[in-house]
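Peer 1: Numbering (UniProt numbering), first residue to last: 1 to 962.
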């Protein structure tokens, strides 16, 4: 394009008229040329290059990076499909390189390109000249591939493409240098520019097409020369390179294709290259992702890929075999995902054929690899793309009897069988599967344990009842499976479904396990029991309620544990003691499942309909009022149990007892005011005890439902009913019921405040009856926090080091992740309740201060000195939060001097906590010290200023140290 045309073009901007002699093509070329000149900065060039080329209203909408990369993939595919029109021959007496150089000179006037044009134009006049000067020309071209020449990159890459058309097979020796230059360009910032990536791979794809018939003659050399670019550490670039290399592998002769596949497999010995290798293997076999079909050469490629000699070629390298199978598995899985099911027949035929051959030859190593590949393919779409489902199930009879001694084969095969049950099937097919799977359940292999565990997770527990687990004799094997089965049998929070079926061996196993450890405990005590055996018994105890077993055995075991723990001299905070307490808790819980749930179900079934239909019906003698107080004493503590099931089942039972009438004296002189009371106590002759019945019923309703506005009203009603208007026997029930509500799940925290207020009212009105129980429970919770903290922090504790399923489950039970309220939060709520009744706390200082010292890590019996305490028990955010609550309680107690440890508590605050690095704790401690030390009162304000960081400097300046 001449300068004359350029002048005409610029004149058209001012006139709005495009001269005829310039023409549309000339105008477009001139526009591109001057755009390159005007766009002096990289930002300008990127802005124009990222304009959308689509038609319509969205033509000038900027594209995202992902959209640009998709455009690049499309253009690369178009190159391979020969959709891009290119000149078949150069101009008369010219070369492809010269023609393109002249064309680009009119479109690109950047400094780098202009300099190249001036230097190289004399060397490209004829083909013989290009061939003789190819080294100089190529070196000059690749020297221009750098980010400073970004405006010329497209031109240089196009010229390299045309040089390959001129040189043909003579260009092949330049490939390693070209690959190295492209990798350098990408690393220097080109990988972040979608347009540069596009220019690189469109040019590269054209070069591959130009040299295709020469490159396919030596596939191994091409793969070697392109190694660094094929495994470039960016997935999108791997994908683009895989498309071009796959073209060569598909069009090469069979022997060259096999050499290429072997080369790729050998590269996979390096785990870092497995992603790129998997992508290349995928593209070798796929026609095009959009067509969802395999290439015509896919069958031959798969047959060779699945051979034993191919898959085992990297076995001598560390991690080589695993990386190979993983990469091939990834490729097959991707093929199944991208291809229609009817197009996958070739893939399944190759897999099945090779599997049959390996079974016939009893080649366990190769069969193991093939089963892994089969599993990855079947897993896609939950098996819906598997073409012969019955063949897969039929492999049981071929593999299990033949490879009984190969744990690897059995493990992979059972994993494959788990995938087959995901395939939708009717009941008849499931029965057929069960009959064909019979040999699996005669295995004496650990692989069967994993299979059964997976079976329990995938299908209803009933499917497992078809099979007898007679060959599982190890506790470590069978108990985790039984626990999983029992978990599926737990259909509701308060109901246990017995596992029916022929499980005599399991019943004997569980009973023997409990009998054996009971004898050992009676003979040697608690300290001599192995931890693994302890975990096994814990599992057996938890399974006990779900099978038809002798419940008296569990009750005797529970009593033995209770007696041994009572006589034990081991510290209550030790990890060993915690394990035994946890086991006792499991035994109690299982007893409750055996006893509480059936009793509650029976009472609901028999007596609830009668009471609903006849308000004056009398309960049976066992549930009449004269037996109620004894039952309340027995069940009372259940209402504060952390387990919600225990609390609710207990309330279901207690609600059936005949209500106890309030004290007649109180009835004759009811307290004045509070309309709510008057409304509640209005009784008809047929419902004279409705008030007391409501106490337990409200507790049950609140416990069963999510805390709503209505449940808060119910709690308010309970608080008023509990004032002085109910029988004394109900007071401990309401008291423990409120503590039980503290254990409600964290999602229900809105119920804590009403429960705390109700509990505080009870403490105020019935202090003598409730105080000992409150202090005992508060101390128990503090001890539990300390024991769990020590247990978790003990690095030498052997249970935590045993990474087996059963031991991990037992360890998790000892240190659970709470679904309900953490113990620390329960203690915090109890302390906040005491803060609502400080007079009660102050009158019982002798009980509160020893608990506080114990919490601070001291021995309450005889604390020696301030610096001698258990630092392990005084760490963490939870502990600090409880310390703040304890100090808040001390402040409300004003001057707790009546206890024998009052002075020691004062010293602890003064010498240990007053210089704490937490300003809030310092301030709380100072307030407590001022209340108990009158001599500090005149200095209170100045001491507070020393704690406040904003006033510290000023206070130090004014402080008189004389």
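Think of the CB as a built atom: it goes at the ideal place given N, C-alpha and C, for glycine as much as any other residue.
Pick helix, strand or coil for residue 287, following the three-state DSSP scheme.
Peer 2: strand
Peer 1: When you compare only the Cα positions, how much space is there between residue 696 and residue 771?
Peer 2: 21 Å
Peer 1: At what residue ranges does the region 823-892 contain a whole run of the beta strand (DSSP E), taking only runs of 3 or more?
Peer 2: none
Peer 1: What is the rounded straight-line gap between the Cα of residue 199 and the Cα of residue 154?
Peer 2: 6 Å
Peer 1: So, helix, strand or coil for residue 236, using DSSP?
Peer 2: helix
Peer 1: Quick check on the DSSP output: what are the complete alpha helix (DSSP H) runs of length 4 or more inside the region 918-952, in order along the chain?
Peer 2: Taking only runs of at least 4 residues, the alpha helix (DSSP H) segments lying wholly in the region 918-952 are 919-932, 940-947.
Peer 1: Can you confirm whether the region 108-120 touches the region 166-179 when touching is taken to mean that 3 or more C-beta pairs between the two stretches lie within less than 8 Å?
Peer 2: no
Peer 1: Looking at residue 264 and residue 277, is the spacing between their C-beta atoms short of 7 Å?
Peer 2: yes
Peer 1: Might you give, ordered along the chain, the residues of its own chain that have their beta carbon closer than 8 Å to the beta carbon of residue 443, omitting 5 neighbours on each side?
Peer 2: 400, 404, 410, 471
Peer 1: Do you know how far the Cα of residue 892 is from the Cα of residue 842?
Peer 2: 8 Å
Peer 1: Are the beta-carbon atoms of residue 955 and residue 873 separated by less than 7 Å?
Peer 2: no
Peer 1: So, at 8 Å on beta carbons, what are the nonlocal neighbours of residue 782 in its own chain, with the 5 sequence-adjacent residues on each side left out?
Peer 2: 827, 851, 854, 855
Peer 1: Is it true that the CB of residue 412 sits closer than 7 Å to the CB of residue 355?
Peer 2: no
Peer 1: To the nearest angstrom, report how far apart residue 335 and residue 283 are at their CA atoms.
Peer 2: 9 Å
Peer 1: CA-CA distance, residue 388 and residue 364?
Peer 2: 23 Å
Peer 1: Helix, strand or coil for residue 955, going by three-state DSSP, please let me know.
Peer 2: helix
Peer 1: Could you give the distance in angstroms between the alpha-carbon of residue 913 and the alpha-carbon of residue 941?
Peer 2: 19 Å
Peer 1: Which residues does DSSP list as the beta-bridge partners of residue 351?
Peer 2: Paired residue(s): none; residue 351 is not in a bridge.
Peer 1: Tell whether a beta-carbon distance below 7 Å holds between residue 145 and residue 185.
Peer 2: Contact annotation: residue 145 and residue 185 have beta-carbon atoms nearer than 7 Å.
Peer 1: Go ahead and pull the three-state DSSP assignment for residue 182.
Peer 2: helix
Peer 1: Excluding sequence positions up to five away, which residues of its chain have a Cβ less than 7 Å from the Cβ of residue 317?
Peer 2: These residues qualify, in order along the chain: 269.
Peer 1: Less than 7 Å between the C-beta atoms of residue 159 and residue 182, yes or no?
Peer 2: no
Peer 1: Please work out which residues of its chain come closer than 8 Å, Cβ to Cβ, to residue 479, disregarding the five sequence neighbours upstream and downstream, and give them in chain order.
Peer 2: 536, 539, 540, 543, 806
Peer 1: So residue 660 packs on residue 647, CB below 8 Å; how close in whole Å?
Peer 2: Actually they do not touch by this definition, with Cβ atoms about 21 Å apart.
Peer 1: So, with DSSP's three-state summary, where would you put residue 294?
Peer 2: strand
Peer 1: My output table needs one value for residue 392: the three-state DSSP class, helix, strand or coil.
Peer 2: It is helical.
Peer 1: Residue 880 to residue 780, Cα distance in whole Å?
Peer 2: 19 Å
Peer 1: Which stretch, first to last residue, makes up the alpha helix (DSSP H) that contains residue 202?
Peer 2: In the DSSP annotation of this structure, the continuous segment of the alpha helix (DSSP H) that includes residue 202 starts and ends at 194-210.
Peer 1: Return the chain-ordered list of same chain residues with a C-beta closer than 8 Å to the C-beta of residue 907, the five sequence neighbours on each side being excluded.
Peer 2: 866
Peer 1: Excluding the 5 residues preceding and the 5 following residue 929 in the sequence, name in chain order all residues of the same chain whose CB lies nearer than 8 Å to its CB.
Peer 2: 906, 909, 910, 914, 936
Peer 1: Taking only the alpha-carbon atoms, compute the straight-line gap between residue 704 and residue 328 and give it to the nearest angstrom.
Peer 2: 54 Å
Peer 1: Just the Cα atoms here: how many angstroms apart are residue 829 and residue 820?
Peer 2: A straight line joining the alpha-carbon of residue 829 with that of residue 820 spans about 14 Å.
Peer 1: Using three-state DSSP, classify residue 639 as helix, strand or coil.
Peer 2: helix
Peer 1: For residue 88, is the classification buried or exposed, using 16 other Cβ atoms within 10 angstroms of its Cβ as the cut-off for buried?
Peer 2: Within 10 angstroms of the beta-carbon of residue 88 lie fewer than 16 other beta-carbons, which makes it exposed.
Peer 1: Starting from the C-beta of residue 949, find all residues in its chain whose C-beta is less than 8 Å away, skip the five residues before and the five after it, and write them out in chain order.
Peer 2: Cβ neighbours of residue 949 within its own chain (closer than 8 Å, five residues either side excluded): 919.
Peer 1: Would you kindly work out how many angstroms separate the C-alpha atoms of residue 944 and residue 765, rounded to a whole number?
Peer 2: 38 Å
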